[in-house]
Amino acid sequence: MKRLSVENIDIIIDEIKSGNTVIMPTDTIYGIACDALNKKAVNKIYKIKKRDNNKPLTLNLNKKKDITKYAYITNKLEKEIIKKLMPGAITLLLKKKEYVVDLISKNSEYIGVRIPNNKIVKEIIKKINSPLVLTSVNISGEMPIIDLDDLNSEISNNIRCAIDVGIINKGVESTIVKVTNNKVEILREGKITKKQIEDILSR
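Here it is as structure tokens:
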């Protein structure tokens, strides 16, 4: 696996456009990424991570307005979460639009959407003109990594290149939420805590 600096972002973009998977920094950890609309590339991520085929992935989008291309915003609370908590380390489950591929949503009527707050990721999404699948770069069940020196060789042997920014000092995955019965349900508490969400939404 070739380690690249941020200045080599065009190489990463070309790799993604060619249907390959790459590694890049996120808001919180290192992630493995591909074009979310490329089925072969998405399947590669499942294979490399040894991820349960029934476990869905998240769409990473460049702008808030892009969310409605892939999902429905059906209530005021979902709008508030998007308005006040995005971009950032939060994933919101929304009812997906009919044409969103089941490969990502795994036959669920919901899809996870996220607006990253990382300039590198946002630039890549903009340049490929497509959403990214971006998930922690680890074998499923293992800890996410904040330093490429700790990358499992089973993964690095199957990836051509990565953007290396050194140690990422956050190291906590995103928080996953869903609105159920007009209340915020925390499906996975990550960087943003339940209390922080409640405080922000109450303002």
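Adding 1161 to a residue's 1-based position in the sequence shown gives its number in our numbering.
We treat Cβ as the ideally placed atom computed from N, Cα and C, and that holds for glycine.
No experiment lies behind these values; they were computed from the predicted model shown.
Where does the unbroken beta strand (DSSP E) through residue 1353 begin, and where does it stop?
Note, residue 1353: premise wrong, no beta strand (DSSP E); not H, not E.
Any chance you could list the beta strand (DSSP E) runs of at least 3 consecutive residues sitting entirely within the segment 1228-1296, in chain order?
1251-1257, 1271-1275
Do residue 1362 and residue 1368 have their beta-carbon atoms positioned less than 8 angstroms apart in this structure?
Lying outside 1162 to 1364, the shown extent of the chain, residue 1368 is not represented and no answer is given.
I need the DSSP call for residue 1346, collapsed to helix, strand or coil.
strand
Considering residue 1323, what are the terminal residues of the beta strand (DSSP E) in which it resides?
1322-1324
In angstroms, rounded to a whole number, what distance separates the CA positions of residue 1310 and residue 1228?
35 angstroms
Tell me which same chain residues have a C-beta within less than 7 angstroms of the C-beta of residue 1321, skipping the five on either side of it?
1162, 1163, 1176, 1181
State buried or exposed for residue 1304, treating a residue as buried only when at least 16 other CB atoms are found within 10 Å of its CB.
exposed
Excluding the five sequence neighbours on either side, which residues of its own chain have a C-beta within less than 8 angstroms of the C-beta of residue 1258, listed in chain order?
1230, 1231, 1232, 1233
Proximity of residue 1299 and residue 1313 at Cβ, strictly below 8 angstroms:
yes
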